[in-house]
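Under our numbering, think of the first position of the sequence shown as 3, with each following residue one higher. Each residue gets a CB set at the ideal place from its N, CA and C atoms; glycine is no exception.
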Amino acid sequence: MNFKLIYKHIAYKIHDHGFIRVVDFMGDDFSIVNAARISYKDGTKKINEDKNLIKYLLRHGHTSPFEHTAITFHVKAPIFVARQWIRHRLSSTNEISARYSVLPEEMYIPDEKTICNQSTKNMQGRGSQLDKLKAKKARKEIAKATSKSFQAYKKLLGEDIAREISRITVSLNTYTEFYWTVNAHALIHFIRLRADHHAQYEIQAYAIKLLDILKIWLPFTHDAFIEYVFNAETLSKTMIEVLQRKLKGEHITQENSGLSKREFNDLQSIFKII
Ligand SMILES: Cc1cc2nc3c(=O)[nH]c(=O)nc-3n(C[C@H](O)[C@H](O)[C@H](O)COP(=O)(O)OP(=O)(O)OC[C@H]3O[C@@H](n4cnc5c(N)ncnc54)[C@H](O)[C@@H]3O)c2cc1C
3 MNFKLIYKHI
13 AYKIHDHGFI
23 RVVDFMGDDF
33 SIVNAARISY
43 KDGTKKINED
53 KNLIKYLLRH
63 GHTSPFEHTA
73 ITFHVKAPIF
83 VARQWIRHRL
93 SSTNEISARY
103 SVLPEEMYIP
113 DEKTICNQST
123 KNMQGRGSQL
133 DKLKAKKARK
143 EIAKATSKSF
153 QAYKKLLGED
163 IAREISRITV
173 SLNTYTEFYW
183 TVNAHALIHF
193 IRLRADHHAQ
203 YEIQAYAIKL
213 LDILKIWLPF
223 THDAFIEYVF
233 NAETLSKTMI
243 EVLQRKLKGE
253 HITQENSGLS
263 KREFNDLQSI
273 FKII
């Protein structure tokens, strides 16, 4: 697929009112390869095939060649998602100003199937899905509270109260829009953290779409990222020792492993043999 031909025409829909759209970009896989070759010019002759070179770079954390690219997205997301998004400092952002413009009445109301109870295992996360009736009630409550705060916003605007003051009534699920420019290094870092299952579902949806876009824009980088970063795991020293003991036939339990319960469970879920 030719990225140049398609990017201008597609706004990928996310959630109820959100989207991601590519505004502009610079470079491709070969820009990364060319930047890297400056380092390797007369040196290692083995590192010669473009695809393999990109794999080599990511595998060894030689990330600066990925910085010779750039991509600008136009993102529409709820304020609480944007707040997590802009924590990624190695990027440039320009957000719509609600001091200047009036916000449209567009709020994120989660699907019933994504409304869960509080996780007991992960203090930051969602637990199991609620039964239909409870989820429906929660969704209604969110919609009601959201609508009430937006009515207050409209009322204040109607009374000619300054937009910068009126806007403080709107809820965190109100949609905002921003331009976001990153290089490929920062983009894959964002995707690694935010497409991961530990990230909040609502930002995950955007990060997963960014991964799809990366695949079209930089296919070699995408494949190397999936192989060496996204679907790879980092093992601690003790984890490696536990695996070595297991391979020698030792019976391993959490108690004799030297790992915490969480680490032990992580290791089990990766290898399914402990
Ligand atoms: C699952 C999850 C939960 C989170 N929970 C919380 C939370 O509860 N509270 C909270 O405040 N944040 C939270 N965050 C945000 C998190 O701490 C990071 O701020 C965010 O993920 C951005 O990552 P980053 O700093 O690596 O990226 P960037 O800001 O883009 O930085 C990229 C890299 O540049 C380097 N860098 C940038 N700035 C500095 C600096 N000042 N000093 C040294 N090196 C620097 C680092 O190597 C960094 O990894 C959470 C993130 C995730 C993914």
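Beta-carbon proximity list for residue i, same chain, < 6 Å, skipping 5 on both sides
i	result
Val35	Asp52, Leu55
Ile272	Glu235
Ser168	Tyr155, Leu158, Leu159
Asp26	Thr74
Ala207	Ile16
Tyr230	Leu60, Arg61
Ile193	Ala209, Leu212, Leu213
Close-in-space but distant-in-sequence residues of the same chain around residue i (CB under 8 Å, 5 per side omitted)
i	result
Lys134	Glu114
Where residue i falls, given that 16 or more other Cβ within 10 Å makes a residue buried
i	result
Lys78	buried
Asn185	buried
Leu92	exposed
Val104	exposed
Lys6	exposed
Gly20	buried
Arg196	buried
Met125	exposed
Pro106	exposed
Ser259	buried
Simplified DSSP state of residue i, which is helix, strand or coil
i	result
His187	helix
Asn119	strand
Thr95	strand
Gln153	helix
Tyr209	Here the sequence assigns Ala to residue 209, which means Tyr is not the residue at that position. In the structure shown, Ala209 sits in a helix (DSSP, three-state: H, G or I).
Ser130	strand
Glu69	helix
Tyr203	helix
Thr148	helix
Val77	strand
Tyr102	coil
Tyr2	An answer regarding residue 2 cannot be provided, because it is not within the stretch 3 to 276 covered by the chain.
Thr236	coil
The alpha helix (DSSP H) enclosing residue i, as first and last residue numbers
i	result
Glu265	263-273
Asp225	221-227
Gln256	256-259
Tyr14	Premise fails: Tyr14 lies in the beta strand (DSSP E), 13-16, not in any alpha helix (DSSP H).
Phe82	81-87
Asp52	52-61
Ser168	165-168
Ile242	239-249
Endpoints, beta strand (DSSP E) assigned at residue i
i	result
Val24	20-28
Cβ-heavy atom distance, residue i to ligand 3, below 7 Å
i	result
His253	With respect to ligand 3, the structure shown offers nothing to examine, as its ligands consist of ligand 1.
Same chain, Cβ closer than 7 Å to residue i, five either side skipped, listed in chain order
i	result
Phe222	Asp31, Asp52, Lys53, Ile56
8 Å Cβ cutoff, residue i in contact with chain C
i	result
Glu179	In summary, chain C is missing from the structure at hand, where a single protein chain is found.
**Request:** Count the CB pairs spanning the region 83-99 and the region 25-32 that are closer than 8 Å, and state whether there are at least three.
**Result:** no
**Request:** Determine contact between the region 197-207 and the region 74-88, defined as no fewer than three beta-carbon pairs at a distance below 8 Å.
**Result:** Verdict: yes, contact present.
**Asked** Does the region 99-106 touch the region 164-175, meaning 3 or more C-beta pairs lie closer than 8 Å?
**Response** yes
**Cβ contact (3+ pairs, closer than 8 Å) linking the region 249-265 and the region 57-68** = no
**Stretch-stretch touch, CB-based, cutoff 8 Å, three pairs: the region 116-128 with the region 218-227** = No, they do not touch.
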